[in-house]
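Please read the structure below before turning to the comments.
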Amino acid sequence: MEESIKTVADSTETVKSEASAILEKASDVSTKARDAVDGALSRGIEGAKNLLSVFEEKRTEVSSKLVGAVTNAVGGASSSTNRDLPLSTDNQPLLSCERGGETPWWKNCCGVLDLLKTSTSTTK
């Protein structure tokens with residue numbers, strides 16, 4: 006019986022030492038995993054910061070190009086209004102629709118509505 010107790014005690018010590026070794030390895034793995042996650046996060050954050058700075062540089066560059074283009078367009082438009090442009094007599098419309106002071110253009114519309122009004126009144 007004493008031998009059985011000694012065997013059980015030895016087995017218990019063996020299990021304790023193996024469990025301690027397993028816990029130590031698990032703690033080491035946990036530490037390595039935590040370090041890996043921390044490293045990945047810091048690299049991700051640094052990458053995001055770099056990306057944002059590149060976007061900011063590009064935004065500034067595009068903004069300055071837009072301002073330059075608008076300035077050139079406005080400068081070109083204002084300089085073209087200062088010039089006297091010749092009026093062309095080519096490609097003039099066949100019928101001139103002059104807006105009279107007595108009837109608005111949408112009522113008269115070059116006499117088309119008057120023509121329709123007369124044709125419908127004669128058919129009645």
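Here the numbering used here = 1-based position in the sequence shown + 5. Just so it is clear, CB atoms sit at the ideal spot from N, CA and C, and this is done for glycine as well. Keep in mind that this is a model prediction, so the values were computed, not measured.
Alpha carbon of residue i to alpha carbon of residue j, nearest angstrom
i, j, result
"Ala24", "Lys63", "58 Å"
"Glu61", "Val72", "16 Å"
"Gly52", "Val79", "40 Å"
"Asp43", "Ala14", "43 Å"
"Ala74", "Glu66", "12 Å"
"Thr36", "Leu28", "12 Å"
"Thr26", "Glu8", "Looking at the sequence shown, residue 26 is not Thr but Ala. Whole-angstrom Cα-Cα distance: 27 Å."
"Thr19", "Arg39", "30 Å"
"Ser47", "Leu57", "15 Å"
"Thr76", "Lys54", "33 Å"
"Ala41", "Lys21", "30 Å"
"Ile50", "Asp33", "26 Å"
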